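Numbering (the working numbering), first residue to last: 1 to 729.
Built from N, CA and C at the ideal position, the CB exists for glycine as well.
None of these values were measured; they are calculated from a predicted model.
Below is one structure; the comments refer to it alone.
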């Protein structure tokens, strides 16, 4: 059914406003209720930092390098945290441990906001906002500082601006491409069977990668033949990125003058493509700051090219002068001198930006392939630039408004993703302030924030009353509906091709998701279909390493769940009033003991490397309970199911947590979340849970439990023996 574009855009504007408010509210609540140390434990802050240096970065920004204060760190490494490149953070003097909690606005007045440009083991870089009140105090003093993650209002403004532009467009301004994507026109037809037709465009396809399987080749032929839109459905482990690399090379081979914009919702999704594309020696440029500091990525980043290319020479002298000014700030104690230096820097920045803009324009114009995050594609560097094809990787994890930042001037789009895995994180679905504005769809799914891994109530009733009135949102509208979802619903399977050979999982691990979610079409590649842990170097042949699929069934009620709130009530009775960061998050001590024992068997008895093992759970409180495993087995990974999307490990242990007499499973009922959990491992999947409780959650969960009971190595733990063994250990 055709969609009215102005109505779509105005609805998106309302949804985005509610989402931004939820994000701001969540940040404000966390910062105002918890100490810096508690925020660090939750992964949203880093404390006890020292300013190591400062320099001039891209755009004339001051980049402050911070690392652990030597007085508080023996190793010199940062603790585990959830801060990533591109995050918006506040850099401020660290408040005293005994000091009162502060509101975000108060902290912002005494610190400076910035964007994380680099994350390493021993420090990170923050490009701070210029002329921020207190900037000199933060970057020029010798006091301890801290960093706390804030809501990213810049990204929301860019998406909002794109939607506002679409809302104001007259019908005559719609391109043919836009009309197809909103159902006002049907897509140009593509033959169903392309296997006998190697003729695409002006020439015959000559495969760069001869190892491609037939489903990958078919998806590439289809994408090349499609005139307006093509969806490439890539289930877990099917080589989606591998396919996109060949597609990009084919597009350039068939039309050497074409220009391609490649985007993704995150830095990592884009950097993966840069890494694999760079050996092919095609002119490309990566906009923004790469999330990983690999030379193959950095050498193509705008930051490096503006320093090293011929075009970059015109800005080098101004950058050197600015760096000298930055260094002089730390050498002076005089406020008057600092003020004068900042005035000089302000003038130098203006000159720098003028020169840099010309440099960037030249670099982008010479690049056949430009790569950026979706919101990064809306920056000044690509203003007025035209592209023949826009490729969006991980399109099923991106907000549709994000996609339109890149697509608004496109002629053709190729979107790759898996709509049967988790959609983007939507915090406003769980905000009490916006629940009345959403349909029942908000009850069916609950997404993690980048640091939480599960649903949280964003505010208390008191907070809700004090907040601004949320925008009115049409019934049924939700940001969870991605462009990938909507196009598939609008035009059906005729615009899609699916990759069917997977190269990750043992066949037994793959079987259930293939049968229940992918129409039984997934095939395990010959090299992975029977591989086991005991085939890895130095791994011993024991029970835990010879079984690809293990189900530890805790049915019977001996392993009950608890909530953090229940724990808090017990603490209050004992006079402990410390507030938990995990709220109503669920935890299961019995399952945690089973996880610890299984990890011990894998690593100590079986000889599996700790770095080849991951423990995932839908609940953050359960992960907090298991945190000591990281000290006992350095290298092991603990993560939320949501946060582990796109990842893989040799062995994965999934702790489901839920065990209660009412058969309540909460957001465990979301089949896309379970799909992510069960498709992360290569050789070994161990599921720990209460089948009696889980079976009652949904038909999908009932089928999964029955599949595990029939096909997994089924084990029934004894609580008494487990407790005795734990006490002895």
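Span separating the alpha-carbon of residue i from that of residue j
i: residue 683; j: residue 549; result: 9 Å
i: residue 685; j: residue 596; result: 15 Å
i: residue 18; j: residue 428; result: 6 Å
i: residue 207; j: residue 261; result: 22 Å
i: residue 498; j: residue 522; result: 10 Å
i: residue 76; j: residue 87; result: 23 Å
i: residue 542; j: residue 621; result: 31 Å
i: residue 158; j: residue 278; result: 29 Å
i: residue 28; j: residue 723; result: 41 Å
i: residue 525; j: residue 688; result: 27 Å
i: residue 246; j: residue 490; result: 28 Å
i: residue 30; j: residue 89; result: 14 Å
i: residue 41; j: residue 496; result: 43 Å
i: residue 454; j: residue 304; result: Low local confidence applies: a pLDDT of 45 at residue 454 is under 50, so the model's placement there is unreliable, with the coordinate-based value given in what follows. Spanning the two alpha carbons is a distance of roughly 38 Å.
i: residue 692; j: residue 558; result: 12 Å
i: residue 623; j: residue 3; result: 43 Å
i: residue 299; j: residue 367; result: 14 Å
i: residue 317; j: residue 379; result: 25 Å
i: residue 451; j: residue 426; result: Because the pLDDT at residue 451 is just 36, under 50, the model does not fix this residue reliably, and the value given afterwards should be weighed accordingly. Going from the Cα of residue 451 to the Cα of residue 426 covers about 13 Å.
i: residue 275; j: residue 267; result: 12 Å
i: residue 743; j: residue 553; result: This structure gives no information on residue 743, because the portion of the chain shown stretches from 1 to 729.
i: residue 238; j: residue 181; result: 26 Å
i: residue 680; j: residue 145; result: 38 Å
i: residue 527; j: residue 273; result: 24 Å
i: residue 339; j: residue 302; result: 31 Å
i: residue 212; j: residue 533; result: 27 Å
i: residue 222; j: residue 285; result: 26 Å
i: residue 177; j: residue 412; result: 7 Å
i: residue 354; j: residue 347; result: 11 Å
i: residue 165; j: residue 696; result: 47 Å
Assigned secondary structure, residue i (DSSP; H/G/I helix, E/B strand, else coil)
i: residue 9; result: helix
i: residue 711; result: helix
i: residue 368; result: coil
i: residue 650; result: strand
i: residue 208; result: coil
i: residue 449; result: Residue placement at residue 449 is poorly supported in this model, since its pLDDT is 35, which falls under 50; the coordinates still yield a value, given next. Correct three-state label for residue 449: coil.
i: residue 527; result: coil
i: residue 118; result: strand
i: residue 190; result: coil
i: residue 93; result: strand
i: residue 731; result: Look at the range of the chain in this structure, 1 to 729, and you will see that residue 731 is not part of it.
i: residue 233; result: strand
i: residue 28; result: helix
i: residue 282; result: coil
i: residue 127; result: strand
i: residue 603; result: helix
i: residue 301; result: strand
i: residue 694; result: helix
Check: residue i C-beta below 6 Å from any heavy atom of the ligand GDP
i: residue 158; result: In the structure on display, the ligand GDP does not appear, and there are no ligands present to speak of.
Residue i - partner residues in DSSP beta bridges
i: residue 684; result: 651
i: residue 639; result: 616
i: residue 68; result: 49
i: residue 54; result: 64
i: residue 373; result: 264
i: residue 113; result: 90
i: residue 413; result: 229, 390
i: residue 689; result: 553
Residue i at chain C interface by Cβ criterion, 7 Å
i: residue 69; result: As a matter of chain content, chain C is missing from the structure shown, which is built from one protein chain.
List, from N- to C-terminal side, the beta strand (DSSP E) runs of 3 residues or more that fit wholly inside the stretch 463-520. 496-498
Are at least three pairs of beta-carbons, each pair with one atom in the stretch 229-240 and one in the stretch 360-367, less than 8 Å apart? no
For the stretch 167-177 against the stretch 41-52, do three or more pairs of beta-carbon atoms, one drawn from each stretch, fall closer than 8 Å, so that the two count as touching? no
Does the structure place the stretch 614-632 close enough to the stretch 644-653 that three or more beta carbon pairs sit under 8 Å? yes
The stretch 398-411 in contact with the stretch 365-380 per 3-pair CB rule at 8 Å: yes
Going along the chain, which unbroken runs of the alpha helix (DSSP H) with 4 or more residues stay wholly within the stretch 314-344? none
Please determine if the stretch 218-229 and the stretch 184-191 are in contact, where contact requires at least 3 C-beta pairs separated by less than 8 Å. yes
How about the stretch 510-522 and the stretch 695-715: do they share at least three Cβ pairs that are nearer than 8 Å? yes
May I ask you to verify whether the stretch 658-677 touches the stretch 623-637, counting CB pairs closer than 8 Å and requiring at least 3? no
Is the stretch 391-400 touching the stretch 210-217 in the sense that three or more CB pairs, one from each, lie closer than 8 Å? no
Specify whether the stretch 470-484 and the stretch 410-425 touch according to this definition: at least 3 beta carbon pairs, one from each stretch, less than 8 Å apart. yes
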